[in-house]
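Asks: Numbering (my numbering), first residue to last: 125 to 300.
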Ligand SMILES: [Zn+2]
Ligand SMILES: [Zn+2]
């Protein structure tokens, strides 16, 4: 058998990809397989295309993540403003003999913080490792209600909300 590229040379093997006979000068050992230079160039090209595609996919996924996180942040403010306004209006309707202005002010701030941190508490619990472990499993409805109505707001109130909010802000900042 003679080399496909050099008819005067004896072949030492065949290209593992295209099957052409190759002489010792043409054959290249790539990871234990013989390949011709044409096939090596094609393989490199394919690899480059694959890497480019992978990069585009990762980039698209990252942008989607940032958009999703932005939406979550926006909704936290919408819910806080809407519920906060209802609450403040209700508070201010209360007669001053019952609630002083200072009390109303303090209560408004506290309740607005509770609303805001409740929302972020849900996200904190749902995204934490133990939260995923619990929510990923089949649990009774009663336990689920306790978790959502008690654990999530508590976790949010005592710093979990701020932690999650700052984390999400960082994702948006780094993604832009
Ligand atoms: Zn080949
Ligand atoms: Zn050759």
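Built from N, CA and C at the ideal position, the CB exists for glycine as well.
Is it buried or exposed, residue 165, if we count other Cβ atoms within 10 angstroms and call 16 or more buried?
Replies: exposed
Asks: Going by DSSP in three states, residue 144 sits in which element: helix, strand or coil?
Replies: coil
Asks: Comparing alpha-carbon positions, which option in 241, 208, 142 lies nearest residue 231?
Replies: By alpha-carbon distance to residue 231, the top candidate from 241, 208, 142 is 208.
Asks: Alpha carbon to alpha carbon, how far is residue 227 from residue 283?
Replies: 24 Å
Asks: Below 6 Å CB to CB, which residues in the same chain sit around residue 241 once its five sequence neighbours on both sides are set aside?
Replies: 280, 281, 285
Asks: Should residue 156 be counted as a contact of ligand 1 given a C-beta to heavy atom distance under 8 Å?
Replies: no
Asks: When the Cα of residue 161 is compared with those of 295, 191, 149, which residue comes out closest?
Replies: 149
Asks: In chain order, what residues place their C-beta within less than 6 Å of a heavy atom belonging to ligand 2?
Replies: This selection yields 127, 129, 130, 133, 146, 147, 149, 150.
Asks: How many angstroms separate the CA atom of residue 177 from the CA atom of residue 275?
Replies: Note on geometry: alpha-carbon atoms of residue 177 and residue 275 lie some 43 Å from one another.
Asks: Evaluate residue 195 with the Cβ neighbour count: other Cβ atoms within 10 Å of its Cβ, from every protein chain shown; 16 or more gives buried, anything less gives exposed.
Replies: Exposed, since its Cβ has fewer than 16 Cβ neighbours within 10 Å.
Asks: Which residues count as close to ligand 1 when the rule is a CB under 6 Å from any of its heavy atoms, in chain order?
Replies: Qualifying residues come out as 139, 141, 142, 144, 159, 160, 162, 163.
Asks: Would residue 145 pass as a contact of residue 157 if the rule is Cβ separation under 9 Å?
Replies: no
Asks: Throw me the rounded Cβ distance for the residue 237 and residue 200 pair, which I believe falls under 8 Å.
Replies: The beta-carbon distance between residue 237 and residue 200, rounded to whole angstroms, is 12 Å. This is too long to meet the 8 Å contact definition.
Asks: With which residues is residue 159 paired in a DSSP beta bridge?
Replies: 152
Asks: By the DSSP assignment, the alpha helix (DSSP H) with residue 293 in it spans what residues?
Replies: 285-299
Asks: Out of 272, 268, 134, 239, state which residue places its alpha-carbon closest to the alpha-carbon of residue 210.
Replies: 239
Asks: With residue 154 and residue 147 assumed to form a contact (beta carbons below 8 Å), what rounded beta-carbon distance in angstroms separates them?
Replies: Actually they are not in contact, since the Cβ atoms of residue 154 and residue 147 sit about 17 Å apart, beyond 8 Å.
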